[in-house]
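Just below is one structure, and these are the notes that go with it.
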Amino acid sequence: MISVSRLLTKVLGGDAGILEMNSWGQLLEVSIDSDEVTLRMMNMAVAEMRITSDSAFIGSTLSELDFRNRFGVSVINVQRAGADIGEKIKSLSLNVNDSLIVYGPIRSFEELATESGIQLATIIDEDESDSTWKTGRKERLLSIPDQSRLVDMTISESCLGDSLDVQMLSVIRKDGTAEMPTSAVRFEPGERLVVSGLTDLVTVLFLQGLEVVFCQRSGGYRGHIHPRR
5 MISVSRLLTK
15 VLGGDAGILE
25 MNSWGQLLEV
35 SIDSDEVTLR
45 MMNMAVAEMR
55 ITSDSAFIGS
65 TLSELDFRNR
75 FGVSVINVQR
85 AGADIGEKIK
95 SLSLNVNDSL
105 IVYGPIRSFE
115 ELATESGIQL
125 ATIIDEDESD
135 STWKTGRKER
145 LLSIPDQSRL
155 VDMTISESCL
165 GDSLDVQMLS
175 VIRKDGTAEM
185 PTSAVRFEPG
195 ERLVVSGLTD
205 LVTVLFLQGL
215 EVVFCQRSGG
225 YRGHIHPRR
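Below, the structure is given as structure tokens:
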């Protein structure tokens with residue numbers, strides 16, 4: 005099955021762009037201690053939804069369906085005939101028996117399951133092993149500094165997801181609450197974004213005014229965030 009566990013770690017190395025940003029003091033440091041931030045604590049979860057033969061979604065893409073704004077969940081992977089699609093899933097035309105791996109509030113899964121043609125297969129246990137989800141993407145925690153030009157922009161106005169091919173999974177407010185990143189959500193300084201994206205896009209994200217922390221797939225979202233001095 006699929007693990008939603010992710011372990012935040014201090015960035016100790018990486019490509020030249022990461023090291024250069026680190027020398028500018030633009031990277032957050034994360035130490036592993038008793039302070040934990042977990043998806044489970046934020047009332048978020050991951051589930052598998054299946055497209056059935058009577059679904060009106062068949063032949064449509066996630067973008068055409070406006071899936072995240074319409075249903076309040078993010079599709080983080082699509083499995084077809086036992087294989088992970090992983091990349092460019094927003095432009096993928098859905099087929100019967102596709103499995104959508106979705107992330108969001110459990111109540112949204114239940115509401116989505118009332119739609120004709122989509123079935124809630126399972127809510128994925130946080131402790132299950134990461135044996136099948138191998139998409140080649142990495143999850144990161146990004147912090148929005150006070151001087152970021154993203155401050156006061158909505159997600160729609162920023163075009164972060166579409167222009168940079170990163171998927172925003174959650175917005176973590178300064179009070180620690182999590183919110184689904186729908187188009188109307190407005191960025192505020194000090195907030196954090198949980199995103200999934202490719203390694204070579206980190207430098208581009210930095211140019212958008214974001215501070216970057218790597219995540220690894222083991223153990224659970226854990227870490228203590230130190231503000232930049």
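For the sequence shown, the numbering used here begins at 5 and goes up steadily by one.
Even glycine gets a Cβ: it sits at the ideal position worked out from N, Cα and C.
Chain-order list of residues whose beta-carbon lies under 6 Å from that of A60 (same chain, five-residue window excluded): G121
Could you give the residue range of the alpha helix (DSSP H) that holds E114? I110 to L116
Where the beta strand (DSSP E) through L96 begins and ends: L96 -> no beta strand (DSSP E), and no H or E assigned at all.
From the DSSP secondary-structure annotation, give me the bridge partner or partners of R74. Its beta-bridge partners do not exist; DSSP assigns none.
Return the residue from the list I62, I159 and Q123 that minimises the CA-CA distance to E192. I159
Going by the DSSP bridge assignment, what does A182 pair with across the sheet? I176
Please confirm whether I127 and A51 have their CB atoms less than 8 Å apart. yes
Counting C-beta neighbours from all protein chains within 10 Å, is the total for R196 16 or more, i.e. buried, or is it exposed? buried
Are the CB atoms of N101 and I93 nearer to each other than 8 Å? no
Alpha-carbon to alpha-carbon, M48 and P109: 5 Å
Per DSSP, what kind of secondary structure is S59 in: helix, strand or coil? coil
Are the CB atoms of L98 and M53 nearer to each other than 8 Å? no
From I62 to I55, what does the alpha carbon distance come to, in whole angstroms? 8 Å
Who are the near neighbours of S162 in its chain, counting only those whose CB is closer than 6 Å to its CB and skipping five residues on each side? L154
Mind checking who S103 pairs with in its DSSP beta bridge? R54 and Q83
Which one or two residues does DSSP pair with Q123 in a beta bridge? R54
Using the Cα positions of I105 and D156, report the straight-line distance between them to the nearest angstrom. 30 Å
Compare the C-alpha of S112 against each of A85, G194, Q83 and R72 and name the closest. R72
For E119, tell me which candidate among S174, E91 and S57 has the shortest Cα-Cα distance. S57
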